[in-house]
Amino acid sequence: MSELRGLRETLISHGKELGTRYPELLIADWRRKIPLLGWCVTAIGLYIGGLAALGISPAVIIAGFGRMIDIAGLMLPPEPQSWSRFLLYLGALGQTLAIAFLGTLFAAILGVPLGFLAARNVVANRFVHFFGRRSLDTLRSVDTLIWALIWINVVGLGPFAGALAIMSSDIGAFGKLMSEATEAADRRPVDGVLSAGGGRLHAIRFGLVPQILPVTASQVLYFFESNTRSATIIGIVGAGGIGLQLSEQIRVLEWQQVSFLILMILITVAALDWISQRLRNAIIGYRG
Amino acid sequence: MRLVSLPPAGQLAPPLTAYAQAAAAKRRQLALGVALAAIALAISAAGAEVQPVTLWNKIGNFTSYFDRLLKLDTGARVWTDPQEWFWGLARWSRLLGETALIAYVATLTGALGAFICAAPASRNLMRHAPVRFMVRRLLEFCRSVPDIVFAMIFVAAFGLGALPGVLAMAIHTSGALGKLFTEVVENIDMRPVEGIAATGGSWLAQVRFAATPQVLSNLVSYTLLRFEINVRGATVIGFVGAGGIGQDLIVAIRKFYYSDVSAMLLMIIVTVMMIDILSARLRHRLLAMETAP
């Protein structure tokens, strides 16, 4: 230890001499850092400007924090107050899961073939490819809640609109992922099927699909997980599920019920995470 | 024309039966999976009040809704009179700018929070298990509660405006990024850390000089990805009164101002796509910087 300390002191006392001997290692070259510095200054400047433009100042935050602490105090302990309410919330939670499941399923049924068509190595037509990608991107850039509002206009208020909304926003994401997975697939099995005399459809069925299926299955599970999260909030705009209860209770400032609902959501999401992780491992392991 | 001559039937039989058995087993598994999925489908269809008949009868509404979206009050198509269509261009642009700013400020704040939490939450840099456990649970809580739920609660505390939106999004972002950052930190090369520890560097010095340089470009790239997600999220956070274009959009949808809805949607789509493309460029550049130091 003392030897090490000695080394350190030597390094420090001879720093200048060492610097002249190995300038490229020991003396920072500011010219190389200018672009990086420029990026940092721009980012921080935009951040400070953004805070000012949005009217955020420490005074406002501190004032609100006082109220926030009051609210947090009112939230404890979380309780539904009556059994009938608890059952109501449980039903809403079930509805949320149903919305997520149906939305994911519909999106997979519609999005996977679309993504297939948008892949370069399935449909060689550049025109189809480009438009496939762009329309999938357009679907993706509209948020689930906006889709929910649109579907409410079509099928009316209720969970069905929620399921359709989740489907609409996920078709794009699914399609994109699928087309990427398809393009990343190994070309050789396809060539093998073709050289054994298989047709183009055979090549897709026996050359491409087995490669993509495990990826798809694990992606579907991921989407189900993330859709459960979306489905918990989709009720805020009136599309069913537990979000409806949650926004209602926040509106009437029943904080204990709010915290109870949040707790229910957290437990459900954690449980689903755990299950889907298990399932995913099973799928990937079993396919080898 | 057969190029390969098949072996005699006696030799061919065992592999063929084995293949038939394997195929049958697989088929049984598939059938079981499909049956389970069908049962789940039936239960959830009942739970979600799916009415295929309603959908079938009302699917016309869907197309006619988009038809109405593309019509002005006068009944003319929107693109015949762009000036009338985009009458609120100045206001909507300002709101969209606010949306992007909310996403930006929230992403940066959240990334900072995630960065601070990443080292204490990672197994290789934090030996003290209780601290690690606490930080991890905190991050889990932050990412499990959707940002719009935080936003609704914060609107009650802070009042209407951009601040509750920024706070809600920042908290959710720090949870989501915190998990990713922790995973990145857990995968670093530990030799530089040991090197700094051996020369007597403190824990902070280890994090600063050994861990940070290894992870920084990865963290920035994750942060950019999160920014793209947050821009999408910020377009709807105004639904609950937390700033951005969402507050105007929900009013327009609820009150059936069709051409306004389509104009705003178009602007949102274009903005989101532009930000996606820009951020993808930046990320590729970052990757290039990393591979060619």
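For the record, the sequence lines run as chains A and B.
Going by our numbering, the first sequence opens with residue 1312, and the numbers climb by one from there.
Going by our numbering, the second sequence opens with residue 1379, and the numbers climb by one from there.
All C-beta atoms in this analysis are idealised placements derived from N, C-alpha and C, irrespective of residue type, glycine included.
Pull up the DSSP beta-bridge partners for residue i, would you.
i: B/K1449; result: B/R1455
Return the Cβ separation of residue i and residue j in integer angstroms, given the expectation that the two are a contact with Cβ distance under 8 angstroms.
i: A/P1391; j: A/Q1556; result: With a Cβ gap of about 10 angstroms, A/P1391 and A/Q1556 do not count as contacting.
i: A/T1415; j: A/F1535; result: 5 angstroms
i: B/L1473; j: B/I1631; result: No, B/L1473 and B/I1631 are not in contact; Cβ-Cβ is about 15 angstroms, not under 8 angstroms.
i: A/A1429; j: A/S1368; result: Not confirmed; about 47 angstroms, so no contact.
i: A/F1485; j: B/A1418; result: Going by Cβ atoms, the distance from A/F1485 to B/A1418 rounds to 19 angstroms, so no, they are not a contact pair.
i: A/V1465; j: B/F1440; result: 5 angstroms
i: B/F1493; j: B/F1559; result: 6 angstroms
i: B/E1476; j: B/G1578; result: Wrong, their Cβ atoms sit about 49 angstroms apart, outside the cutoff.
i: B/V1533; j: B/V1618; result: 6 angstroms
i: B/M1530; j: A/I1561; result: 5 angstroms
i: B/M1645; j: B/W1465; result: The pair is not a contact, with the Cβ atoms about 13 angstroms apart (cut-off 8 angstroms).
i: B/A1499; j: B/L1517; result: 6 angstroms
i: B/V1562; j: B/L1597; result: 6 angstroms
i: B/A1535; j: A/I1382; result: 6 angstroms
i: B/S1657; j: B/F1605; result: 6 angstroms
i: A/A1600; j: A/M1478; result: Because chain A is modelled from 1312 through 1599, residue 1600 of chain A falls outside the range shown and cannot be assessed.
Using a Cβ-Cβ cut-off of 8 angstroms (strictly less than) and excluding sequence neighbours within five positions of residue i, which residues of its own chain qualify?
i: B/S1383; result: none
i: B/A1478; result: V1609, A1612, T1649 and I1653
i: A/L1451; result: Going by the sequence as given, residue 1451 of chain A is Arg instead of Leu. Excluding residues within five positions, the ones whose Cβ falls inside 8 angstroms are S1480, G1483, A1484 and K1487.
i: B/P1524; result: H1550
i: B/Q1584; result: L1503, V1571, I1574 and A1575
i: A/L1574; result: P1389
i: A/L1577; result: none
i: B/G1388; result: none
Once the 5 residues before and after residue i are set aside, which same chain residues still bring their CB inside 6 angstroms of it?
i: A/A1581; result: none
i: A/L1468; result: G1549
i: B/I1549; result: C1520 and F1528
i: A/G1326; result: none
i: A/G1518; result: P1500, V1501 and V1504
i: A/G1375; result: none
Flag this pair as yes or no: are the beta carbons of residue i and residue j separated by less than 8 angstroms?
i: B/T1551; j: B/N1608; result: yes
i: A/I1553; j: A/L1572; result: yes
i: B/V1509; j: B/S1637; result: no
i: B/I1566; j: A/L1365; result: no
i: A/Q1522; j: A/D1497; result: yes
i: A/L1532; j: A/S1587; result: yes
i: B/F1528; j: B/A1540; result: no
i: B/L1664; j: B/S1595; result: yes
i: A/L1385; j: A/W1566; result: yes
i: A/T1539; j: A/L1583; result: yes
i: B/S1599; j: B/R1661; result: yes
i: B/G1425; j: A/A1409; result: yes
i: B/L1555; j: B/A1507; result: no
i: A/Y1358; j: B/V1483; result: yes
i: A/D1448; j: B/M1642; result: no
i: A/Q1470; j: B/E1427; result: One point to set straight first is that residue 1470 of chain A is Pro, not Gln, in the sequence displayed. Yes, the Cβ-Cβ distance between A/P1470 and B/E1427 is below 8 angstroms.
i: B/S1640; j: B/L1467; result: no
i: B/L1450; j: B/W1434; result: no
i: A/G1426; j: A/T1493; result: yes
i: A/T1455; j: A/S1541; result: yes
i: B/I1526; j: A/V1453; result: no
In chain order, what residues of the same chain have a beta carbon less than 7 angstroms from the beta carbon of residue i, not counting five sequence neighbours either side?
i: A/A1459; result: A1472, G1473, A1476, I1545, V1548 and A1550
i: B/P1671; result: The predicted model places B/P1671 with a pLDDT of 46, which falls under 50 and marks its position as unreliable, so this point remains unresolved.
i: A/R1598; result: Model confidence at A/R1598 stands at a pLDDT of 46, short of 50, so the residue's coordinates are unreliable and nothing is read from them.
i: B/V1593; result: V1562, V1563 and I1566
Any C-beta of chain E within less than 9 angstroms: which residues of the region 1533-1559 of chain A qualify? In the structure shown, chain E does not exist; the protein chains are A and B.
Could you tell me which uninterrupted alpha helix (DSSP H) segments, each at least 4 residues in length, are contained entirely in the region 1514-1540 of chain A, listed from first to last along the chain? none
Where are the alpha helix (DSSP H) runs, 4 residues long or more, that stay fully inside the region 1467-1500 of chain B, in chain order? 1467-1499
Whole runs of the alpha helix (DSSP H) within the region 1529-1574 of chain B, excluding any shorter than 4 residues: 1540-1564
What alpha helix (DSSP H) runs, 4 residues minimum, are completely inside the region 1370-1440 of chain A? 1394-1429
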